[in-house]
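Residue numbers (our numbering): 125 to 486.
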Ligand code: ZN
Ligand code: ZN
């Protein structure tokens, strides 16, 4: 991983945003910049260098993992230790600006930092510089995401075997998750969704105690974390003979998904991809049943920028890795979602998820 390049580019950007220092507290951002994978840390970045703060539990791990930053083992919260370090260092002007990550610093922590730093320091909300950099993946990241996707995709075989009328949704999820860990996954990238029968219309139907009915859709949405990177995939199968209604909904969602994939490319915006999916569903009178965005970036986190939704003007760029996951959910009846991960290329996109998507009847 190109940690030093990432740090260097960020340091070069601080001045443009009138920041003397940036305090990185969001753990995935810390991992992205210096490689640390533990659960307590703060990375203080200035023009001239970076210092990483963690606590006594991570002495060995920090030394093994952290690249490009000095390491300080603190006896207090790492962010506070960073503030004390700053308070003790000289500043050139009458005041200095410290950028904070507004999404990860609590109100309480901000007050504590202000108390340590006193008046000479101005605490400001930094723009999402690291999130923006993380949108475009490098080759090594795309390789890792591809491996996570291959492992994740293999779990669908388990789902197909396990899904039978009378089996509980959680039993299907448990079998998949057990196999994931056995195959080397660090964990699941989110709580496995197995939503059967009427519950298939519940968009985020985490696997429950409910039993799979004799007839109806089963939405399976699942992903693993492998070497730090997430996968995400949805397939919807049908138990028993599908009604013509069910077939129509499935075909419409599939058509919407293929249209959205076809629209992905460096000249499209995130909103364009969403529009492409919605247009197809509107034609099939299903647009009002498509109640979430068409997709999201993924990488170190399961949901990253960009978000593929109306009003999102972000242009797609080669190297962005995004999900394409339209769905239709008829409340109280049935729902379908189909989701793949694609990487934007100069010519369009490459689908990373193994692609068989015809309706599977169990
Ligand atoms: Zn998903
Ligand atoms: Zn997703």
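Ideal Cβ placement from N, Cα and C applies to all residues, glycine included. Just so we're clear, the structure is a prediction, and the values are computed from it rather than from any experiment.
What would DSSP say about residue i, mapped onto helix, strand or coil?
i: residue 244; result: coil
i: residue 442; result: coil
i: residue 345; result: strand
i: residue 449; result: coil
i: residue 254; result: helix
i: residue 279; result: helix
i: residue 398; result: helix
i: residue 355; result: coil
i: residue 362; result: strand
i: residue 404; result: helix
i: residue 301; result: helix
i: residue 339; result: coil
i: residue 264; result: helix
i: residue 287; result: coil
i: residue 273; result: helix
i: residue 377; result: helix
Please report how far the alpha carbon of residue i lies from the alpha carbon of residue j, in whole angstroms.
i: residue 434; j: residue 303; result: 37 angstroms
i: residue 195; j: residue 141; result: 26 angstroms
i: residue 130; j: residue 427; result: 21 angstroms
i: residue 217; j: residue 421; result: 40 angstroms
i: residue 145; j: residue 222; result: 5 angstroms
i: residue 202; j: residue 151; result: 12 angstroms
i: residue 149; j: residue 173; result: 17 angstroms
i: residue 365; j: residue 484; result: 10 angstroms
i: residue 405; j: residue 376; result: 6 angstroms
i: residue 281; j: residue 228; result: 38 angstroms
i: residue 460; j: residue 183; result: 48 angstroms
i: residue 268; j: residue 291; result: 34 angstroms
i: residue 134; j: residue 260; result: 14 angstroms
i: residue 158; j: residue 449; result: 32 angstroms
i: residue 472; j: residue 266; result: 16 angstroms
i: residue 425; j: residue 443; result: 16 angstroms
i: residue 373; j: residue 387; result: 21 angstroms
i: residue 437; j: residue 199; result: 44 angstroms
i: residue 354; j: residue 273; result: 8 angstroms
i: residue 361; j: residue 481; result: 10 angstroms
Between residue i and residue j, is the Cβ-Cβ spacing less than 7 angstroms?
i: residue 418; j: residue 396; result: no
i: residue 204; j: residue 147; result: no
i: residue 344; j: residue 385; result: no
i: residue 378; j: residue 446; result: no
i: residue 247; j: residue 309; result: no
i: residue 454; j: residue 297; result: no
i: residue 125; j: residue 255; result: no
i: residue 193; j: residue 176; result: yes
i: residue 467; j: residue 476; result: yes
i: residue 160; j: residue 190; result: yes
i: residue 299; j: residue 275; result: no
i: residue 347; j: residue 315; result: no
i: residue 293; j: residue 320; result: yes
i: residue 401; j: residue 380; result: yes
i: residue 154; j: residue 287; result: no
i: residue 470; j: residue 277; result: no
Opposite residue i in the DSSP bridges: which residues?
i: residue 419; result: 432
i: residue 454; result: 458
i: residue 317; result: 330 and 345
i: residue 129; result: Answer is none; residue 129 lacks a bridge partner.
i: residue 469; result: 472
i: residue 259; result: Looking at the DSSP assignment, residue 259 forms no beta bridge with any residue, so it has no partner.
i: residue 146; result: 169 and 223
i: residue 233; result: Partner(s): none; residue 233 has no beta bridge.
i: residue 393; result: 439
i: residue 350; result: 353
i: residue 311; result: 349
i: residue 84; result: Since the first residue of the chain shown is 125 and the last is 486, residue 84 is not available in this structure.
i: residue 464; result: 448
i: residue 292; result: 335
i: residue 249; result: 224
Is there a C-beta anywhere in chain D that falls below 7 angstroms from the one on residue i?
i: residue 323; result: Although the question refers to chain D, the structure presented lacks it and comprises just one protein chain.
>> Threshold first: 3 residues or longer. Then list the beta strand (DSSP E) segments lying entirely within the region 155-229, N to C.
In response: 166-170, 174-179, 194-198 and 220-224
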